[in-house]
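Some notes on the structure that comes next.
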Amino acid sequence: MRPRPPVNGRGIVTGTGIIIIGLLATLLALIFPIWSYADRSGTGLDVLNAQTVSTRYGPLSGLDRDFVTKVRLAGLWELPAGQQAQLKGTTPAVRTAGQHLVEGHTFLDERVRDVAAKLGLELPNEPNDQQKQWLATLDGAQGVDYDRQFANILRLAHGRVFSVVAQVRASTRNSLVRALADDANTTVLDHIKVLEATGYVDFDALARDMAAGSTPPITNSPAPPGPITDPSPAIPVVPSPLPSYSLPPPASSPPPQAPETS
């Protein structure tokens, strides 16, 4: 019987390393063509290009069109909510917040209708189901409960859209959408401040709701239809006339007294 050659530990380790290196090289060779494929279907860039159309004001993406629609939807429910707060709010701060909502969304609605007309975009003429539910909640609330519901529902809605406005402003290539995002940013931030000034915002609950994200983010909602030749006109959002109240007559001053004579 021939003697067995001595076992070389270093040789075993070296051989194992070569095998591992070979397996890794094979795996990388299989993966690399997938990542280097020019189309990269399913990536964010691919989705952006697939949903983008050309306009005279620059490329219009699906996110841009969704943003325009969301600005319109915000006015359809926040303007009447603000007008309601002017009537039902129990404190001057709540009524002031309502006034800011009315003024801000009257301005924004005019802006968004102008932008949509120039881009050939259809706009909705009624709030969505979630917004109708919020309005129903406010309709049923009274007194201090109304103040709290108003401040917290509107603050949550504005907080969610605030980050969306920033995303659109940072990424859009369309000049009209960029200008609309500037106006929306100023308006939304003003509304956030006046809602917080009511003193009724529950910041702990707000943080939990924002983290939970119960409302789908804007990027997950389907983009509205692209530009069309003759879109149906959007009905302007106009606040209804508020009831006027006559002021009481000024209190009459007492007649001056004649100086006493000695």
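Take the sequence shown: its letters are residues 1 to 262, numbered as in the UniProt record's numbering.
Think of the CB as a built atom: it goes at the ideal place given N, C-alpha and C, for glycine as much as any other residue.
Remember, predicted model here, so these are calculated numbers, not experimental data.
- With contact defined as three or more Cβ pairs closer than 8 Å, the stretch 145-158 and the stretch 185-201 are in contact.
- In chain order, Gly75, Leu76, Leu79, His105, Thr106, Asp109 place their CB closer than 8 Å to the CB of Val237, counting only its own chain and leaving out the 5 sequence neighbours on each side.
- Looking at the DSSP output, Leu195 sits in no beta bridge, so it has no partner there.
- Inclusion of Val177 and Val53 in the CB contact set at 8 Å is not warranted, their separation being larger than that value.
- Contact annotation: the stretch 226-233 touches the stretch 115-122, with at least three C-beta pairs closer than 8 Å.
- Burial is judged here by how many other beta carbons sit within 10 angstroms of a residue's own beta carbon; Lys118 has fewer than 16 and is exposed.
- The three-state reading of DSSP puts Leu60 in strand, counting E and B together.
- Residue state for Val53 is assigned as strand, using DSSP reduced to three classes.
- Closest in C-alpha terms to Pro239, from the list Leu101, Thr96, Asp190, Asp66, comes Leu101.
- Shortest Cα-Cα distance from Gly58 to any of Asp202, Ser175, Ala179, Ile228 involves Ser175.
- A Cβ-Cβ separation of about 11 Å leaves Thr172 out of contact with Asp66 under the 8 Å criterion.
- The C-alpha of Asp183 lies about 13 Å from the C-alpha of Arg72.
- Between Gly159 and Leu189, the gap from beta carbon to beta carbon reaches 8 Å or more.
- Less than 8 Å separates the beta-carbon of Arg111 from that of Leu180.
- The residues Thr90, in chain order, have a CB closer than 8 Å to that of Val144 in the same chain once the five nearest residues on each side in sequence are set aside.
- Look at the UniProt domain "DUF4142" (64-195) and you find these whole runs of alpha helix (DSSP H), each 4 residues long or longer: 92-119, 129-140, 143-171.
- Sorting Ala157, Gln167, Thr186, Ala85 by C-alpha distance to the C-alpha of Met210 places Ala157 at the top.
- In this structure, DSSP gives Ala234 a state outside helix and strand, which the three-state scheme calls coil.
- When DSSP states are grouped into helix, strand and coil, Asp204 belongs to the helix group.
- In the same chain as Ala116, and ignoring 5 residues on each side of it, the C-beta atoms closer than 8 Å to its own belong to Val68, Arg72, Glu122, Leu123, Pro231, Ala234, in chain order.
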